[in-house]
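Read the structure below first, then the notes.
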Amino acid sequence: MTVAGLRERKKEKTREALFRSALRQFAKRGFDHVTVEEIAAACDVSPRTFFRYFASKEDVLFAEGDGHRIRLLASLAEHGPEVSPFQALESAMRMIAADHAEQRDVLRARHRIVRSTPSLRTRAAERHQCWEGEVVEQLRASGRAGQMSDLELRFVVAATTTALRVAVESWIADDASGDLDALVDAVFERLSDGLSLSSP
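Take the sequence shown: its position 116, counted from the start at 1, is 117 in our numbering, and no numbers get skipped.
What follows is the structure in structure tokens.
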């Protein structure tokens, strides 16, 4: 492995350690009662090092979501204009679900932290709204939306993102092993039955 490769691997390990430290402390003591200094100290690094990886405490919880947003937009861009918004979105949501499949414990812990902190719930809702807005803009700019009205397009985007959220929340709430793929299949099957917007 090259020196650059080793450096990147070390950076990723540090980032992961900070994330795990933050999640563990947030879960134990509550988001509002944990400082950046405490998160960093648990990993034997300085607060300055923390800020090389995360902009804030809040960013520790939401940074991965930003990564999913970027992957979602990239996935949508890969489809040709002949693919309907619903079809493109379903494909992208299934890709994100596949990413989630190996992270059940992390998702469960994050969900509990966000739900127990009013400021985080508000911020999560704001970020979700911005995310949907970017998706709408991307679909419109690609020409895939065709003659769909703004109402129709926003409805399709909101419905598909909500379908994934409901499937994931049901999955992490289930004490049994569960099957995220089956839940995603179920919600999109029900959704496609009601959304006959299969072509632009």
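Where is the CB? At the ideal position from N, CA and C, for every residue including glycine.
Candidates the options: closest to residue i by CA position
| i | options | result |
| --- | --- | --- |
| Ala78 | Tyr54, Phe156, Glu9 and Val137 | Val137 |
| Ala93 | Val158, Lys11, Glu13 and Arg25 | Val158 |
| Gly179 | Trp132, Thr3 and His101 | His101 |
| Val84 | Ser143, Cys44 and Glu38 | Ser143 |
| Phe51 | His34, Lys12, Thr163 and Ser76 | Lys12 |
| Gln104 | Glu65, Val46, Thr163 and Glu59 | Glu65 |
| Ser57 | Ala99, Val35 and Pro119 | Val35 |
| Ala174 | Met149, Val46, Cys131 and Asp106 | Asp106 |
| Glu59 | Asp194, Asp151, Ser47 and Pro119 | Pro119 |
| Gln203 | Gln148, Phe156, Arg113 and Ser150 | One cannot answer for residue 203 here, as it falls past the ends of the chain, which runs 2 to 201. |
| Glu133 | Ser47, Ser193, Arg8 and Asp67 | Asp67 |
Cutoff 8 Å; reference residue i; Cβ partners in own chain excluding five residues on either side
| i | result |
| --- | --- |
| Ser117 | Gly31 and Phe32 |
| Ile97 | His69, Arg72, Leu73 and Leu165 |
| Ser197 | Confidence in Ser197 is poor, its pLDDT being 49 and thus under 50, which makes the residue's placement too unreliable to answer from. |
| Gly6 | none |
Spatial neighbours of residue i in its chain, beta-carbon cut-off 7 Å, leaving aside the 5 residues before and after
| i | result |
| --- | --- |
| Ser171 | Leu184 |
| Val167 | Val188 |
| Arg16 | Tyr54 |
| Ala146 | Pro86, Leu140, Leu154 and Pro201 |
| Phe63 | Arg128 |
| Pro110 | Before going on, a small fix: residue 110 reads as Ala here, not Pro. Correct list, in chain order: Leu24 and Ala28. |
| Val115 | Leu62, Leu121, Arg122 and Ala125 |
| Ser47 | Ala41 |
Three-state secondary structure assigned by DSSP to residue i
| i | result |
| --- | --- |
| Ser197 | Its pLDDT being 49, under 50, Ser197 is placed unreliably in this model, and the coordinates cannot settle the point. |
| Thr3 | coil |
| Ala183 | helix |
| Val167 | helix |
| Val188 | helix |
| Ala43 | coil |
| Asp175 | coil |
Near the ligand GTP: residue i beta-carbon under 8 Å from a heavy atom
| i | result |
| --- | --- |
| Val157 | For the structure depicted, the ligand GTP is absent and the ligand set is empty, with no information on it obtainable. |
Same chain, Cβ closer than 6 Å to residue i, five either side skipped, listed in chain order
| i | result |
| --- | --- |
| Leu90 | Thr161 |
| Cys44 | Ala18, Leu19 and Ser22 |
Cutoff 9 Å: residue i Cβ touching any chain D Cβ
| i | result |
| --- | --- |
| Arg145 | Considering every chain present, this structure includes no chain D. It has just one protein chain. |
Original post:
Enumerated in chain order, which unbroken segments of the alpha helix (DSSP H) with a length of 4 residues or greater are wholly contained in the stretch 54–97?
Top reply: You should have 58–79.
**OP:** Output the residue ranges of the alpha helix (DSSP H) runs that lie fully inside the stretch 96–161 and measure 4 residues or longer, sorted by chain position.
**Re:** Segments of the alpha helix (DSSP H) lying fully in the stretch 96–161: 105–116 and 119–143.
**OP:** Give, in chain order, every unbroken run of the alpha helix (DSSP H) that is at least 4 residues long and sits entirely within the stretch 10–38.
**Re:** Qualifying alpha helix (DSSP H) stretches: none in this window.
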